[in-house]
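For reference, the structure discussed in these notes is given below.
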Amino acid sequence: MKIDADMKTYALIGNPVTKSSSPFIHNYVFDFLDQNKTYIAHNVAKANLANSIKGIKALGYGGINVTIPYKIDVIEYLNDLDASAKKIGAVNTIKIVDGKLIGYNTDGIGFLDMLEENEVRLRGKKVLILGAGGAARAVAITLASSQISHLSIRNRTYEKADLLIEELIQANKDVVFTNASKRQNLREFDIVVNATAAGMFPHVEEVPIDLALTNENAILCDIVYKPHLTKFLKLGIEKGHKVIYGIEMLIAQALASQEIWQDIKIDKVAIKRNLLEKIELEL
Ligand code: NAP
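Counting from 1 along the sequence shown, just add 809 to a position and that's the residue number in this note's numbering.
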């Protein structure tokens, strides 16, 4: 990297962002592609969100990622949304085109890429999503238009799962959608996704579900990536489940953002393999 007048800046905005892995991932991508670009993280207070967006536009940033808690709040400051952001109702990626801010959402595609890279086939599968927050919503809405046969939501707050299910039913009549928040037998599910914050640092002892309720052949995915080996996945490995780590989705959604910003196709497999060797995983 050469810090000079030509260097293009990209950034993450959110609060807090101090522990984010996104700067490492994106700066690694710029190095890998031999580009003189840099990616930084801005901790933005809610009162400064509007001015931050104006500043980013005025200063000619190359592209922006948005994280908790602004994925929905940021929408009112954008000029347009692409189909992914409209469908999910939240934005994690902003592209600046001719001075206009366009919002995208790469969380859903990142999740699908992660499954594909792990050779998980979705056709006819029954999927259980734990959680009904922002990430669960992005995953659920994306899966709703895949080839799965049944999608169930299980959430600590039953009503939130119900609201999401109602929305999913409208989106696709070909998939069976159910609320599994109160069920005690979850053995029919082929894939179980933790999209809750349970187990996320510093609450590392929390587990989102009792694995005794699930099928021993179910694939377990955790989208929590700090720590890398969550208690959910650790218990799953001990029981012989195939597991998929949250860092893979984080990398996949970041690479999807890069393709949007730079209008290029990236060798995702090569970059991901190298990144997984280099990134400092918090165990
Ligand atoms: P959110 O909108 O705040 O939703 C949090 C969800 O977790 C809600 O469903 C909440 O249930 C549930 N929850 C929280 N604590 C819980 C506990 N102790 N036990 C059971 N359920 C609990 O957050 P989010 O944006 O969806 O993010 C969720 C997680 O996904 C975070 O760890 C985030 O870092 C991760 N994430 C990862 C990626 C990636 O690329 N790997 C991308 C996005 C998000 P209630 O509704 O009952 O409160």
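C-beta: ideal position from N, C-alpha, C; glycine also.
Taking the alpha-carbon of residue i as reference, which of the options has the nearest alpha-carbon?
i     : options                      : result
I911  : E928, K896 and I884          : I884
H1012 : T1023, T1039, L1020 and T987 : T1039
S1066 : Y1034, P825 and S831         : S831
A1006 : P1036, A989 and Q979         : P1036
K866  : E1015, P878 and Y886         : Y886
P825  : Y848, F833 and N852          : N852
L995  : I1075, D840 and I962         : I962
G1055 : M1009, A1079 and I1046       : M1009
K1043 : E1015, Y913 and K895         : E1015
A859  : I881, F841 and F839          : I881
F841  : I978, K1081 and P878         : K1081
Would residue i be called buried (16 or more neighbouring beta carbons within 10 Å of its own) or exposed?
i     : result
M810  : exposed
A850  : buried
Y967  : exposed
G943  : buried
L1094 : The shown model of the chain, from 810 to 1092, leaves out residue 1094, and the question about it has no answer.
R992  : exposed
D1031 : buried
F920  : buried
I1073 : exposed
K909  : exposed
G869  : exposed
V1033 : buried
G917  : buried
Ignore the nearest five residues each way along the sequence and tell me which others in residue i's own chain have a CB closer than 6 Å to its CB.
i     : result
G872  : Y819, K904 and W1070
Q956  : L931 and R932
E1057 : M923
K969  : A941
V985  : H959
Y837  : L1084
D785  : The structure shown does not extend to residue 785, since the chain is modelled only from 810 to 1092, so the question has no answer here.
A980  : A953
What is the C-beta distance between residue i and residue j, in whole angstroms, given that I count them as a contact (C-beta under 8 Å)?
i     : j     : result
T915  : Q1062 : 4 Å
I1028 : V948  : Not confirmed; about 14 Å, so no contact.
L1084 : I1060 : 6 Å
L939  : N1003 : 5 Å
For residue i, which residues from the same chain have a beta carbon less than 7 Å from its beta carbon, with the 5 sequence-adjacent residues on both sides left out?
i     : result
I812  : none
V875  : I822, G823, V883, V900, N901 and I903
L952  : V936 and L960
L1020 : L1044, G1045 and K1048
For residue i, write down the residues that DSSP places opposite it in a beta bridge.
i     : result
A988  : A small fix is needed here, since residue 988 is Asn in this sequence, not Ala. I962.
N1003 : L939 and D1031
Y848  : Y819
V875  : I822
T1023 : L995
T902  : N874 and Y913
For residue i, which residues of its own chain have a beta-carbon under 8 Å away from its beta-carbon, when the five flanking residues on both sides are left out?
i     : result
M816  : M810, N845, K846 and T847
E1025 : K1048, G1049 and H1050
Distance cutoff 8 Å, beta carbons only. Does residue i sit that close to anything in chain D?
i     : result
V1001 : Here chain D cannot be found, since the structure has a single protein chain.
Residues proximal to ligand 3 by C-beta, any heavy atom closer than 6 Å: As far as ligands go, the structure on display features ligand 1 and does not contain ligand 3.
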